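Counting from 1, position 286 in the sequence shown corresponds to residue 286 in my numbering; the numbering is continuous, with no gaps.
Even glycine gets a Cβ: it sits at the ideal position worked out from N, Cα and C.
Remember, predicted model here, so these are calculated numbers, not experimental data.
Each remark here refers to the structure printed beneath this line.
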Amino acid sequence: MKRLLTLLGLILLLAFPVQGMAAPTFAVWLDGNTTPGGGGNGILPSLDNAFGPGSYDLVSTSDLETAGFLSSYKSVIVSRYDASFGSALSAAAAANIAAYVGSGATQGGVAVFTNDLADNLFGANGGDPFDANLDRLFVNAATYAALSGHGFIGEFNGAVMAMESNSAGMPAIGLLTGSANGVHGTSTPDGHFHYEVGPIGSGNPIDAGITFPFTDSDTTIFRTDVTGALSGNIVDIFADNGLPAVLANNFVISGGNDNPTATPEPCTMLLLGSSLAGLCGLKLRRRS
Numbered sequence: 001m002k003r004l005l006t007l008l009g010l011i012l013l014l015a016f017p018v019q020g021m022a023a024p025t026f027a028v029w030l031d032g033n034t035t036p037g038g039g040g041n042g043i044l045p046s047l048d049n050a051f052g053p054g055s056y057d058l059v060s061t062s063d064l065e066t067a068g069f070l071s072s073y074k075s076v077i078v079s080r081y082d083a084s085f086g087s088a089l090s091a092a093a094a095a096n097i098a099a100y101v102g103s104g105a106t107q108g109g110v111a112v113f114t115n116d117l118a119d120n121l122f123g124a125n126g127g128d129p130f131d132a133n134l135d136r137l138f139v140n141a142a143t144y145a146a147l148s149g150h151g152f153i154g155e156f157n158g159a160v161m162a163m164e165s166n167s168a169g170m171p172a173i174g175l176l177t178g179s180a181n182g183v184h185g186t187s188t189p190d191g192h193f194h195y196e197v198g199p200i201g202s203g204n205p206i207d208a209g210i211t212f213p214f215t216d217s218d219t220t221i222f223r224t225d226v227t228g229a230l231s232g233n234i235v236d237i238f239a240d241n242g243l244p245a246v247l248a249n250n251f252v253i254s255g256g257n258d259n260p261t262a263t264p265e266p267c268t269m270l271l272l273g274s275s276l277a278g279l280c281g282l283k284l285r286r287r288s
């Protein structure tokens, strides 16, 4: 019953994104730069659009190096400032993220995107066109990562560091099995990435609302190549090389159903029983 309520609550929250949250849900690290706007990185406006203004805090490297700093957030997001290749976390910051997310059966929700997806999200200002499918992948993953209460989203350089090892000289947080190389430019016959469903198959919550296969709108294509990943963690793949485009752990892939402690918070429970705005001090609106 608890699992059913969790799933119903998430469906409702995706249809009616929460606005005006009492406290930020996401701690967002963009190379440790806390300049408002993130240099045009699309993660910030996408979070604003999906979860409402005030849903995130930009955090510095020194913040993440502080033990316990992340305890007030539901998820941490690791990406890069503007449309750059990004930089590395410090070893201390990476260790604190690993401790926050955890491992094994109690690990928080984890999802990573191995290409430069942030450049194509809602409101990105790096020169690449908006891609609704990529934005939906990101919002879906962020929703389930936050549901765990101690989740992780990694994009591009964040994906490199999320894996158990990498050849890029970056600290390995070690949240998912596999090895990543450094982010790099690549090419495909038509200059776009083509996404196909990975080994876990269709019907998973990250891919909800997206028809596969699809071609993204990106025209400047960069990625990290992840090898050695567990097939059960590979959500979507690139058609040109068969390597992972999106990876996640069991919590996210199952919609929280592999963890019996993942139950809705009081406001989510109230949302299940009523569509009235203002419950728990929250304002709801339909996604446009």
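Using a Cβ distance threshold of 9 Å, F152 and S75 count as a contacting pair. Fully contained in the stretch 182 to 270 are the following alpha helix (DSSP H) runs of length 4 or more, in chain order: 250 to 253. Here DSSP, grouped into helix, strand and coil, assigns T61 to helix. Restricting attention to T220, D82 and P199, the CA atom closest to the CA of T34 is found in D82.
Between F85 and F222, the C-beta spacing is below 9 Å.
Bounds of any beta strand (DSSP E) do not take in N49; it lies within the alpha helix (DSSP H) bounded by I43 to F51. The alpha-carbon of L247 is positioned some 20 Å away from that of G185.
Close CB contacts of G209 within its chain, under the 7 Å cut and outside five residues either way in sequence, are with R136 (chain order). With a beta-carbon spacing of about 7 Å, D57 and V28 fall inside the 8 Å limit used to define contacts.
Taking a cut-off of 8 Å for Cβ pairs, the stretch 46 to 55 and the stretch 118 to 126 touch, as three or more such pairs fall below it. Using a Cβ distance threshold of 9 Å, A118 and S79 count as a contacting pair. For G178, the secondary structure class from DSSP, reduced to helix, strand or coil, is strand. Here the stretch 200 to 209 does not lie against the stretch 168 to 178, with fewer than 3 beta-carbon pairs under 8 Å apart.
An exposed status is given to G228, since fewer than 16 other beta-carbon atoms sit within 10 Å of its beta-carbon.
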